[in-house]
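Line by line, the protein sequences are chains B and F. To convert, note that position 189 of the first sequence is 189 in our numbering; the numbers rise steadily by one, no gaps. To convert, note that position 159 of the second sequence is 418 in our numbering; the numbers rise steadily by one, no gaps. Backbone N, C-alpha and C fix where the C-beta goes; we use that ideal spot for every residue, glycine too. Report on the structure given below.
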Amino acid sequence: MAHSRREFLKIAGISGLGLCLPASTGLISAIAATPAAGPPPKPLAALKAQRWAMAVNISKCKVDCADCIAACHLEHNVPDFGKTKDSIRWITSQPYPVVFPGVAKPRLPGESKPLLLPVLCNHCDNPPCVRVCPTGATFKRADGITLMDYHRCIGCRFCMAACPYGSRSMNYRDPRPFVRKLNPGYPPRTIGVVEKCNFCEEKLARGMLPACVTACRQKALVFGDIKDANSEIRRALNSGFSLRRRPELGTGPQVHYIL
Amino acid sequence: MLEKAWKGNLGYGLWMAFLLLLIAIGFFFYLRQLDYGLGITGMSQDVSWGLYIAQFTFLVGIAASAVMLVLPYYLHDFKAFGKITVLGEFLAVAAVIMCVTFVFVDLGQPGRVMNVLLYPSLNSVLFWDVVVLNGYLLLNLVIGWMVLTSDRKGAPAPPWVKPLIYLSIPWAISIHTVTAFIYAGLPGRGFWLTAIMAPRFLASAFASGPALLILLCLLLKRLGLFDAGEKAIQTLAKIVAYGLTTSIFFVLVELFTVFYGQIPEHMHHFEYLFVGLNGENMIAQWMGVSAFLAVAALLMLIVPNWRQNETILAVACAATFVALWIEKGLGLVVTGFIPTPMGEMASYIPTGPEIAITIGVWALGFLILSGLYRIFIAVREEM
């Protein structure tokens, strides 16, 4: 989580730029990544895919870097409770044996030198959280993204018991006072609902890649259509051996870790 | 008939006032929970269910156990239970109301509870649990009430009650089966992912429920209010003995599979439960007490001379009830979360407000139970 002030301001600046625009052009219009000088930016077409997926290039990911986490938390108004039992997790970095509990064993590279990897919702092909939800508040979209309806969720937390990855977080207390900088482009949550990573569906709809992917300066995160043979993610997955978290459970996780 | 619940002697009045006080304290802390959020409890992102859901699970068993009276009386014409089936049904009513209340206080957004019915999700076990629990509540309320009113008039119950009684038998099995399925179908939770979960739930229910009923009957007898009869009590005691034996057997069966198979993901939970893991041994200490009480109760119940002694029987029933309350009302839910599916340790300690709310809900159940039993006794006195 260690983060220099400069890096923080940089991300805050980029996100802040995103904040200014929806107010003037409305939510549906796209936001260009260039400064808004001259004529208003042309709306970008929404990014579409048959099946969204992510790949993490382990060799490129830096141990002491948390850019992806900071960008995600800024984008989605994730509160900062510090390291407490209530802290909300969208994307976190975890030691290798926690990411792959079944694979971890002595004398694997991750055991000898510290190796932290980003973990997030796996947007499973067969998500147990969706299966158990009693209200349909969490659901699967045709393009593979598992989403939450924060206004339908009753906060029963059945999904949290069902998720074998710990990817879901409950708002055990009011998150708003703990949101450092409010992004009006994404709704802050209320008390008593469950939330999780949404693959930045709100950014995809505006023609942009997920916040964590764009924030990663090492280009360790690859995002794209896994059903498209020519996509960047397919090329990345073809480049080497990859793992998924606990695939033996039959959940069909769609975050791949390239060794 | 309902007005009879308001009449009673001073002892009854004081008892009800005491329960109301506990409910008021619980309600005060519930208002604080509404304001602050469920963060006021010991629950966390890793241990996301705690005392509330554990009480719910335990009490579903108490509710289901009414079938142990209804089945022998209505299917086998076991006359000795004739006098007390209504007591069993009223116990079920109070227990189901506690269950529903515990689920309600556990919700993060209680105002949206109707979403479960507005957006019925047939794939969710929780949806089905809401259906079967409310159905069971309605069945027992109607059956208990109709049987008692017709007893009062000295006439047989209307013919439409009989099919409801027969329906209530498989329905009782269903509430605990569906409740077990909440746990038993979750990938990554090795502790719960076992087909014996539903049979285990039922076995422990058929011990803890009748044990509580025996204690209530002995209390009513001691107070000189109602005598259930020696034969009814002794038959119930045998049911508790069989239920407890089966329950212990099922636990041992699980221990064999887990520790002979030695899959760490399954083993660690049981280590946490019985001996403690990574220094976390609070639950293990409670489980030690539970195991001791269960074995002691079993001894007292299977030796006929001891079982027939009312004092020893009362001790055995209390031990059974406490042992199974610890097992289900403390151990079962929390241990499913510790360690996490990623093998990390987590901890859970209920907070003061959480315990106060829990006691408040129990008091609500006992208030309803006392009122219903008061009506039952008043009707009996009239006859």
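In the structure shown, what three-state DSSP assignment does residue i receive?
i             : result
residue 36/B  : Only weak support exists for where residue 36/B lies, its pLDDT of 46 falling under 50; the value from the coordinates is given anyway. The answer is coil: DSSP assigns residue 36/B none of H, G, I, E or B.
residue 218/B : coil
residue 119/B : strand
residue 165/B : coil
residue 31/B  : Confidence in residue 31/B is poor, its pLDDT being 40 and thus under 50, which makes the residue's placement unreliable; the coordinate value appears in the next sentence. The answer is coil: DSSP assigns residue 31/B none of H, G, I, E or B.
residue 258/B : strand
residue 490/F : helix
residue 204/F : Nothing about residue 204/F can be reported from this structure: the residues present for chain F run from 260 to 642 only.
residue 52/B  : strand
residue 57/B  : strand
residue 224/B : strand
residue 384/F : helix
residue 606/F : coil
residue 194/B : strand
residue 536/F : strand
residue 160/B : helix
residue 642/F : coil
residue 140/B : strand
residue 682/F : Outside the displayed span of chain F (260 to 642) sits residue 682/F, for which this structure offers no information.
residue 244/B : strand
residue 570/F : helix
residue 209/B : coil
residue 148/B : strand
residue 170/B : strand
residue 103/B : coil
residue 502/F : helix
residue 231/B : coil
In chain F, which residues lie less than 8 Å from residue i when you measure between Cβ atoms?
i             : result
residue 249/B : 446 and 447
So with Cβ pairs under 8 Å, would you call residue i a contact of chain C?
i             : result
residue 196/B : Of the chains in the structure shown, none is chain C; the protein chains are B and F.
List the residues of chain F whose Cβ lies closer than 9 Å to the Cβ of residue i, in chain order.
i             : result
residue 216/B : Those within 9 Å of residue 216/B in chain F number zero; the least Cβ separation is about 23 Å.
residue 246/B : 446, 447, 600 and 601
residue 98/B  : 599, 601, 602 and 603
Under 7 Å Cβ-Cβ, which residues of chain B neighbour residue i?
i             : result
residue 368/F : 153, 154, 155, 192 and 193
residue 295/F : 173
residue 307/F : 157, 160, 161 and 170
residue 298/F : 86, 172 and 173
Going along chain F, which residues have a C-beta under 7 Å from residue i?
i             : result
residue 101/B : 601 and 602
residue 162/B : 445
residue 128/B : 445 and 446
Show which residues of chain B have a CB atom less than 9 Å away from the CB atom of residue i.
i             : result
residue 304/F : 85, 86, 87, 88, 89, 160, 166, 168, 169, 170 and 172
residue 481/F : Those do not exist, as residue 481/F stays about 41 Å from chain B at its closest Cβ, beyond 9 Å.
Just the chain B side, please: which residues come within less than 8 Å of residue i by C-beta, in chain order?
i             : result
residue 291/F : By Cβ distance, chain B contributes nothing, its closest Cβ being about 12 Å from residue 291/F, past 8 Å.
Under 7 Å, CB to CB, which of the residues in the segment 132-153 of chain B have a partner in chain F?
132, 133, 134, 135, 136, 152 and 153
Give, in chain order, every unbroken run of the alpha helix (DSSP H) that is at least 4 residues long and sits entirely within the segment 540-567 of chain F.
541-561 and 563-567
Anything in the segment 439-459 of chain F with a Cβ closer than 9 Å to a Cβ of chain B? List those residues in chain order, please.
441, 442, 444, 445, 446, 447, 448 and 451
Taking only runs of the beta strand (DSSP E) that begin and end inside the segment 299-379 of chain F, which ones reach a length of at least 3 residues, in chain order?
none
Is it the case that the segment 358-365 of chain F contacts the segment 401-413 of chain F, given that we only count it when at least three CB pairs across the two stretches are under 8 Å?
no
What are the residues in the segment 592-603 of chain F lying within 7 Å of chain B by C-beta distance?
599, 600, 601, 602 and 603
If contact means a Cβ-Cβ distance below 7 Å, which residues of the segment 373-395 of chain F contact chain B?
374, 375, 378, 380, 382, 383, 384, 385 and 386
Using 8 Å as the threshold, is the segment 302-317 of chain F in touch with the segment 394-410 of chain F, meaning 3 or more CB pairs across them?
no
Any chance the segment 115-134 of chain B sits against the segment 45-61 of chain B, with 3 or more Cβ pairs inside 8 Å?
yes
Does the structure place the segment 81-96 of chain B close enough to the segment 292-312 of chain F that three or more beta carbon pairs sit under 8 Å?
yes
What residues in the segment 522-548 of chain F have a beta carbon less than 7 Å from any beta carbon of chain B?
none
Could you pull out every unbroken alpha helix (DSSP H) segment of at least 4 residues lying fully inside the segment 67-94 of chain B, listed in chain order?
67-75
Which residues, in chain order, does the segment 547-572 of chain F contribute to contact with chain B at a C-beta distance below 7 Å?
none
Segment contact, 8 Å Cβ cut-off, at least three pairs: the segment 486-493 of chain F with the segment 508-519 of chain F:
no
Please confirm if the segment 446-458 of chain F is in contact with the segment 419-430 of chain F, defined as three or more CB-CB distances below 8 Å between the two stretches.
no
Pairs of beta-carbons, one from the segment 286-302 of chain F and one from the segment 435-449 of chain F, closer than 8 Å: are there three or more?
no
Touching or not, the segment 586-595 of chain F and the segment 529-542 of chain F, by the rule of three or more beta carbon pairs under 8 Å?
yes
Does the segment 490-499 of chain F come close enough to the segment 349-360 of chain F that 3 or more CB-CB pairs lie under 8 Å?
no
Compile a chain-ordered list of the residues in the segment 400-413 of chain F whose CB is closer than 7 Å to at least one CB of chain B.
none
How about the segment 621-633 of chain F and the segment 274-282 of chain F: do they share at least three Cβ pairs that are nearer than 8 Å?
yes
Below 8 Å, how does it come out for the segment 245-253 of chain B and the segment 262-281 of chain F: are there three or more Cβ pairs, yes or no?
no
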